[in-house]
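Remarks on the structure that follows.
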Amino acid sequence: HDVSCLARWMAADLYLREVEALRFELSNSNCNDELWNMANEILSNNTEGLRQAQDIAGYLGSGSDPHLEGKESPKARPAK
Numbered sequence: 001h002d003v004s005c006l007a008r009w010m011a012a013d014l015y016l017r018e019v020e021a022l023r024f025e026l027s028n029s030n031c032n033d034e035l036w037n038m039a040n041e042i043l044s045n046n047t048e049g050l051r052q053a054q055d056i057a058g059y060l061g062s063g064s065d066p067h068l069e070g071k072e073s074p075k076a077r078p079a080k
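Under full-length UniProt numbering, think of the first position of the sequence shown as 1, with each following residue one higher.
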């Protein structure tokens, strides 16, 4: 069970990094308001769900999995 939680947390973390990189790239590009609003809505919906998954997986696996020792557990992030 702990291994599954760790794997889900790692997958969500990697995916979230990619989404945040894409968000940064979009913020540095010129686009019309319609595209900006659509991209922002999609990213906001997906990242909130991923952050919740990270928080849950980190909570379930914290302290009981030797793979997590010495690593910072995920923390709740404020909504943007």
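Note that CB positions come from ideal geometry on N, CA and C, so glycine has one too.
inquiry  = Helix, strand or coil, according to DSSP, for C5 in the structure here?
reply    = If you number the sequence shown from 1, residue 5 lands on position 5. Taken through DSSP and simplified to helix, strand or coil, C5 comes out as helix.
*Could you give the DSSP three-state label for N32: helix, strand or coil?*
Residue numbering aside, residue 32 sits at position 32 when the sequence shown is read from its first letter. The three-state reading of DSSP puts N32 in coil, since its state is none of H, G, I, E or B.
Review point. Do you know offhand how far E34's Cα is from R51's?
Key: Along the sequence shown, one-based indexing puts residue 34 at 34. Along the sequence shown, one-based indexing puts residue 51 at 51. One C-alpha to the other measures close to 26 Å.
| said: Quick test of your reading: V19 and N46, contact by CB under 8 Å. State the CB separation rounded to the nearest angstrom. | reply: Residue 19 sits at position 19 when you count from the first residue of the sequence shown. Residue 46 sits at position 46 when you count from the first residue of the sequence shown. Contact flag correct, Cβ pair sits at about 6 Å.
TODO: Could you check which residue in N32, A39 and M10 has the C-alpha nearest to that of F24?
DONE: Here residue 24 refers to the residue found at position 24 of the sequence shown. Answer by Cα proximity: A39.
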